[in-house]
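In the numbering used here, the protein residues as written are 41 to 219. Yeah, the Cβ is synthetic: ideal placement off N, Cα and C, and Gly gets one too. Written below as structure tokens is the structure these notes are about.
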Amino acid sequence: MRVRIIGLGTNWWSARPLDVADPFCLRRHAAWFNSAGLRYGNRLRLCWVYPGQVRFNRSSGFNPEFPDHVLGRAVECNEPNRMHGRMHLLITRLLDQNATPEGYLVTLTERMGGSIRFSRPGWKSDGVQLISVSLRRDRYELMALMRGNDWIESNLGRWVLSGDLTRLELSSASWGGEL
């Protein structure tokens with residue numbers, strides 16, 4: 041599956057192999073994970089109501105020193121799957137700029153997107169696949185896979201992919217064409 045990364049979550053961590061006697065173990069077998077989280081000052085809170093993560097292996101071409109370099113890039117990944125109660129999305133490699141994505145990894149927060157009533161049915165289109173959601177009171181961070189015609193609805197209106205498929209924007213039907 042080819043996915044363009046439009047947004048990543050706040051929460052980052054890495055995993056290392058148990059055999060640290062090998063001086064190159066962090067280079068050979070490293071993995072980096074990204075997920076939704078909520079930052080309160082210098083503290084990061086994992087308030088998962090929908091646990092999940094995106095995994096970047098060392099062989100994927102991901103550079104953990106510059107995580108924002110993957111924004112806007114197309115990647116090859118496996119279909120999301122549920123393991124041990126969490127949704128997993130494994131990124132296998134970066135693709136060239138001409139690759140046509142089949143899906144888009146997006147992130148939405150209450151500061152950008154307004155409030156979402158997650159308990160209300162129909163707050164997202166059927167094609168949206170949740171990867172991770174952190175929620176605490178009125179704050180949230182949501183990571184999801186979307187297709188070109190999918191949407192997420194908040195109190196501000198429907199969020200859709202922009203015409204150039206590079207960001208989320210309010211649908212013109214949501215605000216009547218006038219700001």
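As assigned by DSSP and simplified to three states, the class of residue i
| i | result |
| --- | --- |
| E150 | helix |
| S211 | coil |
| S100 | helix |
| V200 | strand |
| V168 | coil |
| H128 | strand |
Cutoff 8 Å; reference residue i; Cβ partners in own chain excluding five residues on either side
| i | result |
| --- | --- |
| M41 | E116, C117, N118, E119, E142, G143 |
Classification of residue i by the beta-carbon crowding that lies within 10 angstroms, buried from 16 upward
| i | result |
| --- | --- |
| G49 | buried |
| S159 | exposed |
| E105 | exposed |
| N74 | buried |
Residue i versus residue j: straight-line alpha-carbon distance, rounded
| i | j | result |
| --- | --- | --- |
| G101 | R179 | 33 Å |
| S202 | D62 | 47 Å |
| R44 | D136 | 11 Å |
| G112 | P161 | 31 Å |
| R207 | M123 | 29 Å |
| Q93 | G77 | 11 Å |
| H109 | V168 | 24 Å |
| N97 | D166 | 30 Å |
| W52 | A71 | 11 Å |
| N121 | A55 | 19 Å |
| S212 | N103 | 37 Å |
| M127 | P91 | 6 Å |
| D190 | W163 | 11 Å |
| R176 | R79 | 11 Å |
Cβ shell of residue i (< 7 Å), same chain only, five flanking positions each side left out
| i | result |
| --- | --- |
| S194 | G153, G154, S155, I156 |
| A139 | R42, A114 |
Beta-carbon gap between residue i and residue j smaller than 9 Å
| i | j | result |
| --- | --- | --- |
| G47 | V200 | no |
| A184 | L210 | no |
| L134 | R95 | no |
| L170 | L182 | yes |
Sequence-distant residues of the same chain with beta carbon closer than 6 Å to residue i, five excluded per side
| i | result |
| --- | --- |
| W88 | S174 |
| I131 | F96, S100, V115, C117 |
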